[in-house]
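The numbering of the sequence shown is the numbering used here, which starts it at 28 and goes up by one. Note that beta-carbon positions come from the ideal geometry of N, C-alpha and C, so glycine has one too. Scroll down for the structure; my scribbles are underneath it.
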Amino acid sequence: MDHIARRAVVDSEKRGRSRAMTRLARRRWSNRVVLVLSGLAAALGAGMLIWVLWDVVAKGAAAINWAFFTETTPPPGEEGGGMGNAILGTLKLIAVAALMASPLGVLIGIYLAEFGREERFGEIVRRTLDVLVSAPSIVVSVFVYLLLVRPFGHFSGWAGAVSLAIIMLPVVARTAEEMLRLAPDELREAGLALGMPYWRMVLAIVLRATKAGVLTGILLALARVAGETAPLLFTALNSPYWPDTLAEPTANLTVTIFNYAMSPYERWHALAWGGAFLITAGVLCVTIFVRVAFRKGGRP
């Protein structure tokens, strides 16, 4: 009887080891299959990106010359011309949008990180910003159109700048909040121990310690709106003239690229590729600068 019992135990252990080896082999094969599929998906995504970038660089770099930056957009069917007015208009719109969104976004981030962490109103603001981040840009454009364009009866660069600022605002605010939360509590305690008011401690110590991360959020927000077309379609529209004032329709790169790409003129197609190359290169440079200059992510 003892021999039979021992034999049964040994057989049970063998079956257990066999099942364990089978499960291990199955997991190894599953792991290999998932790794292969993940690698193929990554290669597909990278290949598509490289294809698009190669197309933009190959066709866009050829259109870049001195006239591209110094001359206005040409009339239909004519040779020559450039995108100087669209480039200047884009820079003006982005600069005004940054002046609108950056201070307000940083202040909202300070409130959420330092004063409204546990408050219900702070949570409402936080959820609202999250919704704005994912909101389609065309919705923002239509909203600003109804708010600023239709009542005044004309398109303007100011309306376009407001539209871009609304898109920038949640990115700046949420980034500022996260960066401020990274500041160690020891900094706050040291400032309060010196007798500083809480608001002054936040501005003089916490914000200064995390300024690199806050600036990172502002630059990334600028890079995002630099390539937006929809927010300007119903607001700034476009113009073939130099943007002397933002109180009228303002030339900009993205809408010009959209219009020229849909046209039947070869010269316009070449300028559209040049504009796409310029925006792509600009966004890439900003992204690389942020990665290199603020590698620590703003952590004090």
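inquiry  = Would you call the region 187–201 in contact with the region 129–145, where contact means no fewer than 3 C-beta pairs closer than 8 Å?
reply    = yes
query = Does DSSP classify Tyr172 as helix, strand or coil?
reply = helix
inquiry  = What residue range does the alpha helix (DSSP H) around Ala122 cover?
reply    = Gly111 to Ile137
key: Met228, DSSP secondary structure in three states   = helix
inquiry  = What does the alpha-carbon distance come out to for the pair Gly324 and Leu120?
reply    = Model confidence at Gly324 stands at a pLDDT of 46, short of 50, so the residue's coordinates are unreliable and nothing is read from them.
ask   = Alpha carbon to alpha carbon, what distance is there between Ser168 and Ser290?
value = 23 Å
inquiry  = Restricting to Cα atoms, I'd like to know which of Val152, Leu298 and Ser190 is closest to Ala89.
reply    = Leu298
task = Just tell me which of Ala231, Ala128, Val233 and Tyr225 has its CA closest to the CA of Ile194.
result = Ala128
ask   = How would you call Glu150, buried or exposed, if buried means at least 16 neighbouring beta carbons within 10 angstroms?
value = exposed
ask   = Would the region 81–98 and the region 298–313 be scored as touching if the rule is three or more Cβ pairs under 8 Å?
value = yes
query = Are the region 257–264 and the region 59–75 touching, with three or more C-beta to C-beta distances below 8 Å?
reply = no
message = Quick check: what's the CA-CA separation for Thr100 versus Asn112?
response = 7 Å
ask   = Between Ile315, Val84, Trp93 and Ile114, which lies nearest to Thr277 when the distance is taken from Cα to Cα?
value = Ile114
request  = Using a threshold of 8 Å, state whether the C-beta atoms of Ile306 and Leu280 are closer than that.
outcome  = yes
ask   = Do Gly184 and Gly116 have their CB atoms nearer than 8 Å?
value = yes
key: Start and end residues, alpha helix (DSSP H) containing Asp271   = Looking at the DSSP string, Asp271 is not in any alpha helix (DSSP H), and its letter there is neither H nor E.
query = Around the Cβ of Arg326, are there at least 16 other Cβ atoms within 10 angstroms (buried) or fewer (exposed)?
reply = Note that Arg326 has pLDDT 48, beneath the 50 cutoff, so the model's placement of it is unreliable and the number below is only indicative. With fewer than 16 Cβ atoms within 10 Å of its Cβ, Arg326 is classed as exposed.
request  = Determine the burial state of Val79: buried for a count of at least 16 other Cβ atoms within 10 Å of its Cβ, exposed for fewer.
outcome  = exposed
inquiry  = Using only CA atoms, which one of Pro270, Ala288 and Leu242 lies nearest to Arg318?
reply    = Leu242
inquiry  = Helix, strand or coil for Arg59? Go by DSSP, reduced to three states.
reply    = helix
ask   = Based on Cα-Cα distance, which residue from Leu246, Ile245, Gly222 and Gly218 lies nearest to Val233?
value = Gly218
inquiry  = So the candidates are Phe261, Met206, Leu191 and Gly180; which of them puts its Cα closest to the Cα of Phe122?
reply    = Per the sequence shown, the amino acid found at residue 122 is Ala instead of Phe. It is Leu191.
message = What would DSSP say about Ala278, mapped onto helix, strand or coil?
response = coil
Distance between Val252 and Thr314 (C-alpha atoms, nearest Å) = 13 Å
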